[in-house]
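Colleague: After the structure tokens below, expect a handful of questions from me.
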Amino acid sequence: MEGDVRAMFHPGEEITAFFCSSGTTGVSKYIPMTKRVTLAQAVAMFGALDFFPWNLRNIITLPVATRWKYSPTGVRIGSTSAFAQSSPVIACQCTMLPEANIFTTASKALHVGLVLALRDSQACIWDAGFVFTLWNQLHFMENNWPSIVDDIRCGRLSPALDITEQERRTIDSLLIADPERAAHLQREFERGFDGIVPRVLPHVEKVMAMCSGTSMNVYIERCKPYLGKLKISSAMYGGSESILGVNINNPGEKPAYAMLPGLNFIEFLPVDESGDAEEGATPLLASEVKKDQLYEVVLTSAAGLYRYRMGDVVRVVGSFHGTPTVDFQFRAKQMLHVHMEKVSEAAFTGALRRAVDGWPDHQLVDFTTAESVLDPAAAGSADSPPHYLVLVELSGPSLPPQQAADIDKTLQNEHSVYRSFRAKSSIGPMRVVCVRSGTFAAYRQHVFDTTQATMSQFKQPRVLRTEEQVKFFLNRAISTE
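Shown next as structure tokens:
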């Protein structure tokens, strides 16, 4: 990043941008991009959109403003979505006008974004990036609709919104009082939020959000009541490194991403259910993979990546004109491992969801975990067996101890190795900590404030790996079992 921007590529081609990964599951990585590579990805992206109906109506996007960074050589650094949003070609189609995208606090950005979005009854697409982000946007709309509607009615932002006078003047200059639209929105919101999106935005034909992987399943179910008959579409699979695949299945079906053979050279490293590479395994070509098997994606790209292990574990679900189709499962290394057990993200998430399903008075808002080596409660207790620290945010009353123990029991029922080590006391009981309402939203803002990640990139890590991360959640604990 500090050297010659022309050193990596052939003469006449130089680095024009660094795409930054989210860093929510590790350290952010900077992927060099050139005009040629960026153009190739744009062609692939617009090709993917051919699978979906399109028109000239606006697209609802609710971004949080990007804080750009620059390399010592002056090259701009940001997320893929940030670069896309800064493109005039894309910005002209969005309800979030470029001059309004000035807020770096999620709550302020969402409020202004929803004012601009909901005033447009003709919008045809809701594009959220990830289904987690979609749920966050819908939940915010449900909790804050009265002030949003008032701002649409008056054509100016409420004095109660904590923003600067310059920010207020900028946004107010973009608004026009629309009491008729506000009255319609108020009537629909007062009826309740089942099927609210098609009721207030009747021209929305699709809702676009990445919805693959076990960590996203929790949010898909939460979004369904808001969407009515609308199905979530996941158009593409990719990341900061590159666009990797195009979803060929219909909205609402499990995604099947057809890997793009011309844009990158992709190999597949066989892994087990925990995401670990099998002993002696070597990367396979696309023609060598087997249906229903798990693989870690290995990428060689025109952007300078060579046999780069992305950390994405995918399952081969079929083929499309000779190229394998895959569905993203989980991130490698997002597993719990305190003895010799290796409990994957998928296994733990499934057990937790089934335990919570048996609690009629509680709904799971979000969760994460850590190993006991990071749990302050385990400090100084060398004779105690290691355990899992489970951090949950729930709606409903306090969690009784017997219900907290249900998570441990369910995982034992479903994971024989974990059950064996619990029976031998090689692994101790889980410590379940309930955190106060809003903790996970605060963590998202914290990540956004302290890293280069954007809100649209954020993926809640299911296993925390640093003391600082664990401390953030424990400082907001309301009960411990």
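Under the UniProt record's numbering, the sequence shown has 8 at position 8, and the numbering climbs by one with no breaks.
We treat Cβ as the ideally placed atom computed from N, Cα and C, and that holds for glycine.
(1) From the DSSP output, in three-state form, read off Leu260 for me.
(2) Could you tell me the alpha carbon to alpha carbon distance between His337 and Val373, rounded to whole angstroms?
(3) In angstroms, rounded to a whole number, what distance separates the CA positions of Phe83 and Thr16?
(4) Evaluate the contact criterion for the stretch 209-221 versus the stretch 282-302: three or more CB pairs, one atom per stretch, below 8 Å.
(5) Nearest to Val316 by CA position, among Gly113, Ala355, Phe328, is which residue?
(6) In or out: Asn136 buried (at least 16 other Cβ within 10 Å) or exposed?
(7) Please state whether the Cβ-Cβ distance between Pro225 and Phe189 is less than 8 Å.
(8) Say whether the stretch 93-109 touches the stretch 54-64, bearing in mind that this needs 3 or more beta-carbon pairs closer than 8 Å, one atom from each stretch.
(9) Taking 8 Å as the threshold, find out whether the stretch 346-362 comes into contact with the stretch 436-452 through three or more Cβ pairs.
(10) Could you say which of Glu13, Tyr30, Ala42 lies nearest to Leu263 if we only look at CA atoms?
(11) Does DSSP put Asn249 in a helix, in a strand, or in coil?
(12) Compare the beta carbon distance of Ile125 and Ile196 with 8 Å and say whether it is the shorter of the two.
(13) Going by the DSSP bridge assignment, what does Phe367 pair with across the sheet?
(14) For the stretch 127-145 and the stretch 166-182, state whether three or more C-beta atom pairs, one from each stretch, are separated by less than 8 Å.
(15) Which stretch, first to last residue, makes up the beta strand (DSSP E) that contains Pro32?
(16) So, at 6 Å on beta carbons, what are the nonlocal neighbours of Cys411 in its own chain, with the 5 sequence-adjacent residues on each side left out?
(17) Give a yes or no on whether the C-beta atoms belonging to Val271 and Val297 are separated by under 8 Å.
(18) With burial defined as no fewer than 16 other Cβ atoms inside 10 Å of the residue's Cβ, what is the status of Trp145: buried or exposed?
(19) For residue 507, which residues does DSSP report across the bridge?
(20) By the three-class DSSP mapping on this structure, what secondary structure does Pro270 have?
(21) Counting only runs that start and end within the stretch 179-220, where is the alpha helix (DSSP H) found for 4 or more residues in a row?
(22) Going straight from the alpha carbon of Asn250 to that of Pro400, what length do you get?
(23) Sorted by chain position, which residues of the same chain lie with C-beta nearer than 8 Å to Val204's C-beta, five sequence neighbours on each side aside?
(24) Grab the span of the beta strand (DSSP E) containing Val326 for me, first residue to last.
(25) Mind reading off the beta-carbon distance from Phe268 to Thr300? Whole number of angstroms is fine, and I expect it under 8 Å.
(26) Mind checking whether Gln334 and Arg187 have CB atoms under 8 Å apart?
(27) Tyr30 and Ile90 - do their beta-carbons sit closer together than 8 Å?
(28) Is it buried or exposed for Ser395, if we count other Cβ within 10 angstroms and need 16 for buried?
(29) Near Thr349, what residues of its chain come up, given a Cβ to Cβ distance below 6 Å and the 5 sequence neighbours on each side ignored?
(30) Looking only at its own chain, which residues have a Cβ that is under 6 Å from the Cβ of residue 486, when we skip the five neighbours before and after it?
Modeller: Taking the coordinates as given:
(1) coil
(2) 11 Å
(3) 11 Å
(4) no
(5) Phe328
(6) buried
(7) No, the pair does not count as a contact, with Cβ atoms beyond the cut-off.
(8) yes
(9) No, the stretch 346-362 is not in contact with the stretch 436-452.
(10) Ala42
(11) coil
(12) no
(13) Val392
(14) no
(15) Following the DSSP letters along the chain, one finds Pro32 inside the beta strand (DSSP E) bounded by residues 30-33.
(16) According to the sequence displayed, residue 411 carries Leu and not Cys. Answer for Leu411: Ala351, Tyr418, listed in chain order.
(17) no
(18) buried
(19) Here the chain covers residues 1 to 481 and nothing more, so residue 507 does not appear.
(20) strand
(21) Here the runs fully enclosed are 179-190, 196-200.
(22) 42 Å
(23) Ile60, Ala123, Cys124, Ile125, Trp126, Val197, Pro198, Leu230
(24) 323-331
(25) That pair is no contact at about 12 Å.
(26) Taking the C-beta atoms as reference points, Arg187 is found no nearer than 8 Å to Gln334.
(27) no
(28) exposed
(29) Thr214
(30) This structure cannot settle anything about residue 486, because the visible part of the chain is limited to 1 through 481.
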